[in-house]
Structure formats: C-alpha cells, structure tokens
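The sequence shown maps to residues 1 to 265 in full-length UniProt numbering.
Every residue, glycine too, gets a C-beta built ideally from N, C-alpha and C.
I have placed the structure first, in the form of structure tokens, so that the comments after it can refer back to it.
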Amino acid sequence: MTIYAVGDIHGQSARLDRALDMIEADGGPEARIVFLGDYTDRGPDSRGVLDRLIAGRDAGRDWIFLKGNHDRMFLRFLEEGRENDHNIRSGLSWFNPRLGGVQTLGSYGMAASEGPAFLMDANGGLETLASYGIGDRELTLHELAEEAARTVPQAHQDFLASLQLYHATEELLFVHAGIRPGLPLERQVEDDLIWIRDGFLDDSSDHGRLVVHGHTVVPEPMHLGNRVALDTGAGYGDPLTAAVFEGGDVWVLGSGGRVPLVPVG
C-alpha cells in the first residue's frame, strides 16, 4: 500500500497547497495522506491551514491527522486559558513569537496591536502574559482566552480535539515527535508522542516498525534506518516536505516527482 506523509506545516498554507498538488500528481485524489501534526503557530495562516485540512476531510479524502504539540497548546489555550506547557524547558509562553501563538491568533483577526507584554520569571520561572492589545483594548489572559474561544470557529476547535496520537501499519508508525524506545505502543504516553527528543533521537535500535515523525527540525528529510524525520522547518520559512512510503521504500516528492530517500551511513 502507498502512504504519503506531510511534515510540520506550522501555518504555511501556500506550502501545504503545493505539497497537496505534488501528492495528487503522484498518487491521485484518492491518495492516503498522514499529516504529522503541528498545523498551527509560527507561520502566517494557521486558520487557512485548518480550513484546507477540514475541507479535505469533509470531502471524503483519505486523510489521517495526527496531534502535534503546537496543536495541543492552541487547544488548551482555547479550552482552559493555558499558555505554558511543562515540556517547554525555557518556560516560554505560547504567545512568545518563538512558539507562535501570537501569529496563530493573528490569522483569526486577533493580531496584537503591539507585541504582547510578558511578566518574566513569574509563577516559578514561567513566562506569563501580562497584557495583549487588540486595537485600543488591552486584554488580560482570561479575557483573551474568552474572546479567542468565541472567535475561533467551533469546527476548528472540534478538529483539534479529534486529532490522533499515532497511525500504525504493519511496517510503519507515524507519530508527531517519536516514541519512548522499548515501550509497547499501547503504553506510550501522549507527552512523549508529541514532545519527545531525548532518548529517541539518539536511539538506533529497531523499533519493530519504521517510525515516521516530525517535531525536530532537520535541514533536509532524513532516513536514519529506524526512523524517518520529515520536519524540514516550514514554520521558519523553509520547505514543507511530502514523502511517499511503499513497503520499505521511501521517496521525497519534488517538482520533478519522486526522489529516493535512502538510509544514511
């Protein structure tokens, strides 16, 4: 069976459109595509990305959507008003432009009139939003969360809540960040599946399936033998990668079609 995978999109709707065009040219409109998560943040058009993905799903496309850490941060803010995640060692707020929440809200017409103001080293070292200006209004975190929950379409919130943690076939395991090596799939925890780096990226053991993931930016798609890394930095303006999997063979799609991706080393 042929399966396509798309790396971290991060609000880059034009790059998503190009990836979908390449996939359709290679595999037709019925192609099965696994999206590896992180649809939102950093890029300019998170709303447009979610619109396209939802439209494809509703049109009956064979598309599978995985949960990324940025997707969870966005939904947690909408549902709970949370701006921090304990997995972010720096303590940065989701609204810090480095994480991209401010860009995401901007795509829904809630752009900050000036940069968001933060309280530094508050709440046990966490960066905390002090105020957020929209036009001539200065909103607190609570007020901003309430307004965002009213502004972001319910269809988008429902989509974020429906995302899968992984997709497995006999030979492949698609997941946003990776897995905890040595643990059976049913014992993997969400924080690892959407956040892990340490203990996974440096592990060369056979995971039983080829793990296909995003989350950690690489300069180009990489096949490490036991895993394939597909986050090539679209959130920072670099290319968005689409790859093809058939059995044990892997290709990357380009303007000229398939390019083999062979294990390094």
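Buried or exposed: residue i, going by 16 or more other Cβ atoms within 10 Å of its Cβ?
i: residue 145; result: buried
i: residue 86; result: exposed
i: residue 19; result: buried
i: residue 192; result: buried
i: residue 13; result: buried
i: residue 168; result: exposed
i: residue 286; result: This structure leaves residue 286 out entirely; the chain is present only between 1 and 265.
i: residue 204; result: exposed
i: residue 230; result: buried
i: residue 214; result: buried
i: residue 101; result: buried
i: residue 148; result: buried
i: residue 5; result: buried
i: residue 93; result: buried
What is the rounded straight-line gap between the Cα of residue i and the Cα of residue j?
i: residue 227; j: residue 244; result: 14 Å
i: residue 42; j: residue 235; result: 5 Å
i: residue 262; j: residue 225; result: 8 Å
i: residue 137; j: residue 89; result: 32 Å
i: residue 165; j: residue 176; result: 8 Å
i: residue 83; j: residue 159; result: 20 Å
i: residue 53; j: residue 36; result: 12 Å
i: residue 210; j: residue 26; result: 22 Å
i: residue 163; j: residue 157; result: 11 Å
i: residue 46; j: residue 129; result: 21 Å
i: residue 329; j: residue 179; result: Missing from the structure shown is residue 329; the chain here goes from 1 to 265 and no further.
i: residue 108; j: residue 222; result: 34 Å
i: residue 190; j: residue 124; result: 24 Å
i: residue 173; j: residue 21; result: 24 Å
i: residue 118; j: residue 257; result: 46 Å
i: residue 96; j: residue 110; result: 15 Å
i: residue 23; j: residue 170; result: 22 Å
Is residue i near residue j, with beta carbons less than 8 Å apart?
i: residue 8; j: residue 38; result: yes
i: residue 112; j: residue 133; result: yes
i: residue 151; j: residue 104; result: no
i: residue 16; j: residue 49; result: yes
i: residue 2; j: residue 246; result: yes
i: residue 199; j: residue 181; result: yes
i: residue 194; j: residue 68; result: yes
i: residue 81; j: residue 142; result: yes
i: residue 232; j: residue 218; result: yes
Given 7 Å as the limit, tell me if residue i has its C-beta closer than that to any heavy atom belonging to the ligand FMN.
i: residue 202; result: Questions concerning the ligand FMN fall outside what the structure shown contains, since it holds no ligand whatsoever.
3-residue-minimum beta strand (DSSP E) runs that sit fully inside the region 125 to 154, ordered along the chain: Look at the region 125 to 154 and you find these whole runs of beta strand (DSSP E), each 3 residues long or longer: 126 to 134 and 137 to 139.
Unbroken stretches of the beta strand (DSSP E), 3 residues or longer, contained in the region 145 to 233: Complete beta strand (DSSP E) runs here, min 3: 166 to 168, 172 to 175, 210 to 213 and 227 to 229.
At least three beta-carbon pairs within less than 8 Å, the region 246 to 259 to the region 63 to 80: No, the region 246 to 259 is not in contact with the region 63 to 80.
Alpha helix (DSSP H) runs wholly inside the region 38 to 102, at least 4 long, in chain order: Here the runs fully enclosed are 46 to 58 and 69 to 80.
Segment contact flag, the region 60 to 70 with the region 26 to 35, C-beta cutoff 8 Å, min 3 pairs: Segments in contact, yes.
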